[in-house]
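Working notes for the structure below.
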Amino acid sequence: MSDETTADDVSVIVVGGGPAGLSAALFTAKNGLETTVFDTDETWMHKAHLFNYLGIGSVGGSEFMATARQQVDDFGVDRRQDEEVTAVTESGDGFLVETSVASETQRADGDRAELRSADHSSGQRPRKEAVDAAGEYDADFVVLATGANRELADDLGCTFADDDTVDVGVEMETSVEGVYATGAMVRPEEWQAAIAVGDGAAAALNILSTVKGEHYHDFDVPDDATRVFGEHVAE
Ligand SMILES: Cc1cc2nc3c(=O)[nH]c(=O)nc-3n(C[C@H](O)[C@H](O)[C@H](O)COP(=O)(O)OP(=O)(O)OC[C@H]3O[C@@H](n4cnc5c(N)ncnc54)[C@H](O)[C@@H]3O)c2cc1C
Numbered sequence: 001m002s003d004e005t006t007a008d009d010v011s012v013i014v015v016g017g018g019p020a021g022l023s024a025a026l027f028t029a030k031n032g033l034e035t036t037v038f039d040t041d042e043t044w045m046h047k048a049h050l051f052n053y054l055g056i057g058s059v060g061g062s063e064f065m066a067t068a069r070q071q072v073d074d075f076g077v078d079r080r081q082d083e084e085v086t087a088v089t090e091s092g093d094g095f096l097v098e099t100s101v102a103s104e105t106q107r108a109d110g111d112r113a114e115l116r117s118a119d120h121s122s123g124q125r126p127r128k129e130a131v132d133a134a135g136e137y138d139a140d141f142v143v144l145a146t147g148a149n150r151e152l153a154d155d156l157g158c159t160f161a162d163d164d165t166v167d168v169g170v171e172m173e174t175s176v177e178g179v180y181a182t183g184a185m186v187r188p189e190e191w192q193a194a195i196a197v198g199d200g201a202a203a204a205l206n207i208l209s210t211v212k213g214e215h216y217h218d219f220d221v222p223d224d225a226t227r228v229f230g231e232h233v234a235e
């Protein structure tokens, strides 16, 4: 990024649309950064029911995800469901992100989950016949939020801790400047939705602080509700 860069020029790619990834995307998009999320919808939340998410008494994991997806969509996130990131490489001042899309046939056959798990466990890329489109995207920042799958971080050369998690501090930035790791990939266990959401928020705020050149927080007050949601705000 040049010294002339403004928030409007900055692009963030989030890999993974579980709680960690969508949380990061919410904060970056809400604060003016061009934000794209790629997700293959294998989030563990589809298996969960939350009774331990502070402020929410009881909610199904898939229902939680539906609300989260609507929330990020409302703030302008470009959410690309079923588009898998196959590679992230450093490119100039930023990153090149390569993707592939499972074919309609694969989706209709319900074969996608099998395809994904085969890819991740073996380290193999999608079978050629299962891919009907591919893309290349540039990003100034990349947030990795691929659950416990640490393959992309490994490929990028991020430093790992002794327990095989991706090594990050409280800002969630990896040893590769501009690349963040969040959620299950940065902890050996202690996997909770609330922690993943916090990781995503921390990564996004660090990106925003970097872009703005000073420490940044995203505070709203009651009057902002009218500005943001207009007539939808409850009296
Ligand atoms: C049975 C079960 C019950 C649980 N119950 C609770 C509970 O009660 N309370 C609680 O707090 N937590 C619970 N959890 C844990 C919670 O689901 C996880 O902590 C949380 O989902 C982790 O969020 P994450 O964003 O790190 O990863 P995930 O939710 O796993 O999301 C990662 C996303 O990244 C996508 N992805 C991966 N690789 C790529 C790629 N290359 N390109 C594009 N997309 C990719 C995946 O498809 C997935 O959608 C439970 C988990 C399980 C399995």
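For the sequence shown, full-length UniProt numbering begins at 1 and goes up steadily by one. Backbone N, C-alpha and C fix where the C-beta goes; we use that ideal spot for every residue, glycine too.
Limits of the unbroken beta strand (DSSP E) element including residue i
i    : result
S11  : 11 to 15
V197 : Where V197 is concerned, there is no enclosing beta strand (DSSP E), although the alpha helix (DSSP H) it sits in stretches over 193 to 212.
D78  : 78 to 81
D39  : 34 to 39
F141 : 141 to 144
A184 : Careful: A184 lies outside any beta strand (DSSP E) and carries neither H nor E.
Residue i, DSSP secondary structure in three states
i    : result
V46  : Here the sequence assigns His to residue 46, which means Val is not the residue at that position. If DSSP states are grouped into helix, strand and coil, H46 belongs with the helices.
G135 : strand
E189 : coil
S58  : coil
A87  : strand
E173 : strand
F51  : coil
F160 : strand
T67  : helix
Rounded straight-line distance, which links the Cα of residue j to that of residue i
i    : j    : result
L144 : L152 : 8 Å
D154 : V166 : 8 Å
F38  : A66  : 16 Å
C158 : V170 : 16 Å
D78  : Q70  : 12 Å
G60  : T226 : 29 Å
T185 : L33  : Here residue 185 is Met; the residue named in the question, Thr, does not match the sequence. Cα-Cα distance, rounded: 24 Å.
D93  : D220 : 32 Å
E90  : D223 : 42 Å
S121 : I56  : Legend: pLDDT at S121 = 39, less than 50; position of this residue unreliable, value from coordinates given subsequently. Cα to Cα, S121 sits roughly 34 Å from I56.
Q81  : H215 : 32 Å
N206 : L156 : 20 Å
N31  : E177 : 21 Å
T182 : G230 : 33 Å
V14  : G200 : 10 Å
D163 : T43  : 23 Å
E84  : F64  : 22 Å
D218 : K212 : 13 Å
Nearest residue (CA-CA) to residue i, options the options
i    : options               : result
L208 : G17, A25, A87, G16    : A25
S62  : R150, L50, D164       : L50
H46  : G213, G17, G157, H217 : G17
V12  : A204, H215, T86, F229 : A204
V197 : L54, D9, T40          : L54
S175 : R187, A161, A184      : A161
E136 : F219, T86, V211, D224 : T86
A68  : F27, F95, V101, V97   : F27
E98  : D74, Q81, F64, D138   : D138
I195 : D9, V14, A20, D74     : A20
D41  : A201, V101, V88       : V101
V10  : F95, E189, D218       : F95
V228 : V211, T210, D74       : D74
Residue i beta carbon near ligand 2 (any heavy atom closer than 6 Å)
i    : result
A193 : No copy of ligand 2 occurs in the structure displayed; its ligands are ligand 1 alone.
Contact set for residue i: own chain, Cβ-Cβ below 8 Å, skip 5 residues either direction
i    : result
G76  : A29, T35
Q192 : N52
S58  : H49, L50, F51
Extent of the continuous alpha helix (DSSP H) to which residue i belongs
i    : result
A25  : 19 to 30
L152 : 151 to 156
A225 : 222 to 229
Beta-carbon proximity list for residue i, same chain, < 6 Å, skipping 5 on both sides
i    : result
Y180 : V143, M172, E173, A203
L22  : A68, V72
F141 : V12, G178, I207
Residues near residue i by beta carbon distance below 7 Å, same chain, minus five either side
i    : result
R187 : T165
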